[in-house]
Each structure stands twice: as C-alpha cells, then as structure tokens.
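Number of protein chains: 2
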Amino acid sequence: MKRNPLVLVVACVLINKNCRILFAQRPKSKSMAGLWELPGGKIKLHEKPEETLIRELYEELGLVIRTKWITPFVFTSYAYDTFHLLMPLYVCRKFEGTPKPKEGQVLRWLSSDEFANYPMPAADLPLLPFLCKLLA
Amino acid sequence: MKRNPLVLVVACVLINKNCRILFAQRPKSKSMAGLWELPGGKIKLHEKPEETLIRELYEELGLVIRTKWITPFVFTSYAYDTFHLLMPLYVCRKFEGTPKPKEGQVLRWLSSDEFANYPMPAADLPLLPFLCKLLA
C-alpha cells in the first residue's frame with residue numbers, strides 16, 4: 000500500500016466589511032497554477048497553526064492579524080496523488096492593512112455567487128457549502 | 000521562546016439513534032485521568048486522519064466505521080504546557096457494533112444537557128457549543 004506523507008496546511012477565510020471572501024490565484028511557478036485558493040500555507044516544525052497563519056498572511060499579503068481575531072471553523076482532508084492534505088480553516092473578520100499580492104498572485108474579494116465560478120483545488124471544493132453558510 | 004511540539008490527534012463525535020454523543024473517561028494510567036473526552040487518538044506517521052480514526056475506534060471501542068460514514072466537522076487548537084494540540088473532529092452517525100471499553104475507560108452516551116456537567120480537557124471546551132448545535 001502506497002504511503003503518502005501527511006501535509007499540514009492552515010488556511011483562512013478572510014471576510015471584509017462587504018461580506019466578501021478573499022481568494023488568491025496560484026501563480027504559474029507553483030503546482031496547481033491558475034487555481035483559486037484561500038490564503039494560508041504549510042505549518043513549519045514546532046509552529047502553532049495560529050503562528051503559521053499570522054506569518055503567511057504577512058508574507059503573502061502584507062496583512063497583520065492576531066490570534067484573538069481568528070476562530071477555528073472547519074477542516075478538509077484530501078488524498079492527492081503524492082500526499083495527503085489536512086487543512087484546518089480559520090475565519091478572520093478583522094485584520095490590519097489592505098491585502099497586497101506579495102508573491103505574484105492575483106487577489107480577488109468574492110461573494111458566494113461569484114466564487115462558485117472560480118476553479119479551485121479538489122481539496123477545497125467540499126469547503127464551499129461551509130463558506131456559503133458563513134456569508135448567508 | 001519555548002517551542003513545544005505540535006501533536007496531531009483526530010477525534011470523533013459518535014452520535015447514536017437517541018441523539019446522544021459517546022464520551023470516554025480517561026483511565027487512571029493516562030495523563031488528564033478522570034476527564035471525559037471524545038474517542039480518537041494520535042495520527043501515526045504516514046497515516047491519513049481517517050485511517051487513524053478507523054484504527055482507534057476499533058482498538059478503543061471495538062467499533063467498525065468507514066471513511067464514507069465520517070465527515071469533517073470542526074477542529075480545536077490549544078497550547079498545553081508541554082505541547083500544542085491540533086485536533087480535527089469528525090462526525091459519525093453510522094457505525095457497526097456496540098462500543099466496548101477495551102482500554103479500561105468508562106463509556107457514556109450523553110445528551111447536550113448532560114455533557115456540560117462532565118469535566119473535560121481544556122482543549123475540548125471550545126467544542127461544546129458546536130456539539131450542542133449538532134444535536135439541536
């Protein structure tokens with residue numbers, strides 16, 4: 000039986016005052032290029048999930064968030080061909096700054112009517128009904 | 000800055016036909032003895048979260064569950080003194096067998112009126128409102 004590594008990624012539903020969620024399009028240099036995803040990244044050794052999210056949102060978007068502004072929401076668990084993804088998803092409605100694409104990604108704030116039309120990684124698809132409920 | 004290890008545990012909200020959730024009291028031989036918790040356990044190297052849950056529910060309770068019977072629900076992230084716990088929580092309403100305490104634990108099916116009175120590990124407390132919603 001093939002034993003793929005477990006990859007631990009945290010991501011964030013960033014919601015703005017207009018009830019839109021921030022999505023980023025993966026740049027050409029990365030795997031799954033062109034697909035739209037929620038911001039976040041891999042948990043490094045000895046990092047807490049909240050620390051990862053604070054670090055990634057600053058590195059990717061220039062945003063400052065704090066642990067007390069994020070809440071556990073749901074998670075996804077998905078078997079890709081070469082790894083198994085486990086991705087806890089936080090919700091964040093408060094942040095400092097305006098998101099800037101610091102890694103060449105394209106950013107877009109999307110409503111629940113809109114994000115259904117954006118191609119996303121397979122692991123993220125089961126999350127969409129949860130996102131719709133959050134905005135309802 | 001103290002760098003505690005991240006410990007990855009999966010747990011399960013097992014719900015029976017009477018809308019009660021299964022809790023197990025940690026035996027005296029374990030840390031946090033006497034506290035009541037949801038069944039589950041540590042993810043082993045190269046194990047998928049679903050595989051861990053299937054293995055643990057069989058080892059601890061003699062229950063057979065299948066991947067298609069479990070759904071991602073919520074997660075908890077909590078800084079204990081010596082480790083940081085990240086615990087994805089699944090929901091399972093279908094299982095084969097009757098739970099048996101195979102590791103000396105005490106088992107109890109509890110309603111949302113009841114489980115509020117049972118002492119639980121600190122990391123589990125933020126999950127209780129989610130459990131109440133699930134039974135409502």
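Residue numbers (numbering that gives the first Met the number 0), protein chains in the order written: chain A, 0 to 135; chain B, 0 to 135. C-beta atoms are modelled at their ideal positions from N, C-alpha and C, and glycine is treated no differently.
In the three-state scheme derived from DSSP, where H, G and I count as helix and E and B as strand, B/Pro-125 is classed as helix.
For B/Arg-2, at least one C-beta of chain A is nearer than 9 Å to its own C-beta. A/Gln-104 is not bridged by DSSP to any residue.
In the DSSP assignment, A/Leu-60 falls within the unbroken alpha helix (DSSP H) covering 48–60.
In this structure the segment 0–17 of chain B lies against the segment 51–66 of chain B, because at least three pairs of beta carbons, one per stretch, are closer than 8 Å. Apart from sequence neighbours up to five positions away, the residues of its chain that approach A/Ile-42 with a beta-carbon distance below 8 Å are Leu-7, Val-8, Val-9, Pro-48, Thr-51, ordered along the chain. With a cutoff of 9 Å on beta-carbon distance, B/Phe-82 and B/Pro-26 are scored as not near each other. Between B/Leu-34 and B/Pro-118, the beta carbon gap of about 5 Å places them in contact (Cβ cut-off 8 Å). A/Ala-23 is a Cβ neighbour of A/Val-105, given a cutoff of 9 Å. Among the CB atoms of chain B, one or more fall inside 9 Å of the CB of A/Thr-75. The Cβ-Cβ distance between B/Val-90 and A/Pro-71 does not fall below 9 Å. Note that the C-beta distance between B/Lys-101 and B/Leu-60 is below 9 Å.
A distance of 9 Å or more separates the beta carbons of A/Arg-92 and A/Leu-21. Along the segment 46–73 of chain A, going in chain order, the ones with a CB nearer than 8 Å to a CB of chain B are Glu-46, Lys-47, Pro-48, Glu-49, Pro-71, Phe-72, Val-73. For A/Phe-82, the secondary structure class from DSSP, reduced to helix, strand or coil, is coil. Taking 9 Å as the cut-off, the beta carbon of A/Arg-2 is found closer than this to the beta carbon of B/His-45. Going by beta carbons, B/Ile-14 and B/Leu-127 fall outside the 9 Å limit.
Assigned with DSSP and collapsed to three states, B/Ser-110 falls in coil, not helix or strand. The beta carbon of A/Leu-130 lies closer than 8 Å to those of Val-12, Ile-20, Ser-111, Phe-114 in the same chain, with the five residues before and after it left out. Membership of A/Gly-40 in the beta strand (DSSP E) is indicated by the continuous run 39–41. Within a 10 Å sphere around the beta-carbon of A/Asp-80 sit fewer than 16 other beta-carbons, which makes this residue exposed.
Listed in chain order, the non-local C-beta contacts of A/Phe-94 below 8 Å within the same chain comprise Leu-13, Leu-56, Leu-62, Val-63, Ile-64, Trp-68, local neighbours out to five positions each way being set aside. B/Ser-76 and B/Gly-96 have their alpha carbons spaced roughly 31 Å apart.
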